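Here is the structure:
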């Protein structure tokens, strides 16, 4: 009785131990060999939208006078933009500041004296239609904008261009993987995973053309997509 109980107990323990081994093996499979590569796609487009940063800067003996003079000049800027057909939704105040102006002294220990004030009102303008950029720039300067800090070009709806760049990036990744697999003497299998690396849109001045009034060269906008992908090998 005791001997049989011992045999039965030993068999039971052995069976449980073997089951646990199989279970652990199923939960931790051996990783399949793979080739991991990156891919890049690039598409160029002609910009149809521009953004301009312009400002009116005024000086006066007092802060109130500086603000008053600045407000009059800025009102002229808004009127000119309206006359040029720029929609109110494409005009946005992007910065306003009032700061003192200091005189200079030879003695560094002597505190600087306030000799006046400066008021600055900055506006961001969206121009829909690249052919109008030069005209708008000229109008801004004539209206009193005495600081143009930046201009950028883009495509109004770049979704189709970005999708094309992404497709090219995936094709580039597969091409690289097939090259490595062929060189290594193996066969490329299915894709295991794919990660989007994002993209950016720098401006490339490659096909510049002059505008009326202020000469402007919009060039081309380049959209890039970058990915990483891993493929099985057979």
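Numbering (the working numbering), first residue to last: 43 to 276.
Using N, Cα and C, we set each Cβ at its ideal position, and we do this for glycine too.
A quick note: this is a predicted structure, and the numbers were derived from the prediction, not measured.
Notebook entry, point to check: Quick one: any contact between the segment 221-238 and the segment 112-128, if contact means 3 or more CB pairs under 8 Å?
Noted result: no
Item checked: Delimiting residues of the alpha helix (DSSP H) encompassing residue 121 -> 105-125
Check: Could you give the residue range of the beta strand (DSSP E) that holds residue 160?
Finding: 156-170
Check: Do you know how far the Cα of residue 222 is from the Cα of residue 207?
Finding: 23 Å
Notebook entry, point to check: On the three-state DSSP scale, how would you describe residue 225?
Noted result: helix
Checklist line | Of the residues 220, 271 and 138, the one placed nearest residue 234, counting alpha carbons only | finding: 271
Checklist line | Residues near residue 90 in its chain [Cβ-Cβ closer than 8 Å; skip 5 each side] | finding: 170, 171, 172, 197 and 198
Margin query: Once DSSP output is grouped into helix, strand and coil, what is the label at residue 212?
Written below: helix
Check: Between the Cα of residue 200 and the Cα atoms of 74, 142, 76 and 86, which residue gives the shortest distance?
Finding: 86
Notebook entry, point to check: Are the segment 129-146 and the segment 172-188 touching by the rule of at least three beta carbon pairs closer than 8 Å?
Noted result: no
Notebook entry, point to check: With distances taken between CB atoms, is the gap from residue 82 to residue 238 smaller than 8 Å?
Noted result: no
Checklist line | Check whether residue 166 and residue 77 have beta carbons under 8 Å apart | finding: no
Note to self: Can you tell me where the beta strand (DSSP E) holding residue 197 begins and where it ends?
What the structure shows: That residue, residue 197, is in no beta strand (DSSP E); it is neither H nor E in DSSP.
Margin query: Using only the alpha-carbon positions, how far apart do residue 67 and residue 231 sit?
Written below: Since pLDDT at residue 67 reaches only 40, below the 50 mark, its modelled position is unreliable, and the value read off the structure follows with that caveat. Going by the C-alpha atoms only, they are around 24 Å apart.
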